[in-house]
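When we follow the working numbering, the leftmost residue of the sequence shown carries the number 1, and every step to the right adds one. Beta carbons are placed, not taken as given, at the ideal position from N, Cα and C, and that holds for glycine.
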Amino acid sequence: MSELITPQGSCSVSAILFDKDGTLLQFVSLWGSWGERFLGKFAEIMEQKGLGELPKTLIPSLLGTLHDAQGSITDYDRNGPLAMGTMDDLYAILSWQAYLQGLSWAESLELVHLCRQVADAMLEQQRPVLPLPGLQRFLDDCVGQGIPLAVVTADETAAAEKHLQWLGIRQYFAEVIGTDLVEHGKPFPDMVQLACERLGIDPSQTAVIGDTNGDMRMAKAAGAALAIGLTGTHSDPAPLSILADADIIVQSYDELRIEADALR
Numbered sequence: 001m002s003e004l005i006t007p008q009g010s011c012s013v014s015a016i017l018f019d020k021d022g023t024l025l026q027f028v029s030l031w032g033s034w035g036e037r038f039l040g041k042f043a044e045i046m047e048q049k050g051l052g053e054l055p056k057t058l059i060p061s062l063l064g065t066l067h068d069a070q071g072s073i074t075d076y077d078r079n080g081p082l083a084m085g086t087m088d089d090l091y092a093i094l095s096w097q098a099y100l101q102g103l104s105w106a107e108s109l110e111l112v113h114l115c116r117q118v119a120d121a122m123l124e125q126q127r128p129v130l131p132l133p134g135l136q137r138f139l140d141d142c143v144g145q146g147i148p149l150a151v152v153t154a155d156e157t158a159a160a161e162k163h164l165q166w167l168g169i170r171q172y173f174a175e176v177i178g179t180d181l182v183e184h185g186k187p188f189p190d191m192v193q194l195a196c197e198r199l200g201i202d203p204s205q206t207a208v209i210g211d212t213n214g215d216m217r218m219a220k221a222a223g224a225a226l227a228i229g230l231t232g233t234h235s236d237p238a239p240l241s242i243l244a245d246a247d248i249i250v251q252s253y254d255e256l257r258i259e260a261d262a263l264r
């Protein structure tokens, strides 16, 4: 085991599990770009079908996004659908909205599928992924101490693998667990349990790092040793309310260190 050093003290851990979006990579850079294209195409097609222009006040509420005057996504609700939901959750939200506006359920599903294809194609072309500050140093330190690492994400496994490859950090992680590999996603414990099973480590010897309270609740439900909330560049003045179930809250990886256990 190694000592994970935090501003509030240290904890002995045998593995560290990371959320992906907003924890390893900057959320708005990737999912802000995707969300703008996804929602923009949705609004465009709805108008083309004669169903009228979507109210500007409605669009942010669909996925839990914040927009500037030009409509660009600048931030997101850490406990909203885009941050915590699965891809199927997002598709269901927009399909339901299209149905409410007058399309049949079949037409709604087809529309949302097209919007996803357009947004996914944009991601493939632009690959707008950026690491969080201090991440590379922390990952290197963990590897230097021989700490196994894994990713537990609400994203689908294949997409998560791709994003980690784009970021150039896939080699750091022994396991990548997407929501499609378990019966219940966040905030349930399934992903932590599966990751630990594959690593051969008990959840009680792991730390979980994430940017949403769903990550924290998942960690607690699995019996993890430590649930660390990462605020990143979030400007909300009350991170305690956003990460209510976190054991420890930090703004960046610069506040975390990993060292050899003194008893080892």
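Around the CB of residue 144, fewer than 16 other CB atoms lie within 10 Å, so the residue is classed as exposed. When only Cα atoms are considered, residue 93 and residue 62 end up about 7 Å apart. DSSP, read as helix, strand or coil, puts residue 183 in coil. Beta-carbon to beta-carbon, residue 42 and residue 115 are separated by about 5 Å, close enough to satisfy the 8 Å threshold. Here residue 194 is near residue 182, since their CB atoms are less than 8 Å apart.
If you look at residue 257, you'll find it in the beta strand (DSSP E) that goes 257-260. Scanning the stretch 66-92 for uninterrupted alpha helix (DSSP H) segments of 4 residues or longer gives 81-84, listed from N- to C-terminal end. The beta-bridge partner set that DSSP reports for residue 229 consists of 210 and 249. Residue 55 counts as exposed, since fewer than 16 other beta carbons sit within 10 angstroms of its beta carbon.
Taking C-alpha positions only, residue 107 is separated from residue 79 by approximately 29 Å. Two segments are said to touch when three or more pairs of C-beta atoms, one from each, lie closer than 8 Å; by this definition the stretch 117-126 does not touch the stretch 82-90.
Note that the C-beta distance between residue 221 and residue 208 is not below 8 Å.
In the DSSP assignment, residue 13 falls outside any alpha helix (DSSP H) and within the unbroken beta strand (DSSP E) covering 9-13.
If you look at residue 119, you'll find it isn't in any beta strand (DSSP E); it sits in the alpha helix (DSSP H) that goes 105-126. According to the DSSP secondary-structure assignment, residue 2 is paired through a beta bridge with 13 and 260. In this structure, residue 250 keeps its C-beta atom at 8 Å or more from the C-beta atom of residue 218. Collapsing the DSSP output to three states places residue 154 in coil. Beta-carbon to beta-carbon, residue 205 and residue 15 are separated by about 7 Å, close enough to satisfy the 8 Å threshold. In the structure shown, residue 131 adopts extended strand secondary structure according to DSSP, grouped into three states. Excluding sequence positions up to five before and after residue 254, its CB lies within less than 6 Å of the CB of 134, all in the same chain and listed in chain order. Assignment of residue 59 by DSSP, reduced to helix, strand and coil, places it in the helix class.
In this chain, the alpha helix (DSSP H) harbouring residue 192 covers 190-199.
Taken atom to atom, the span from the alpha-carbon of residue 112 to that of residue 103 is near 12 Å.
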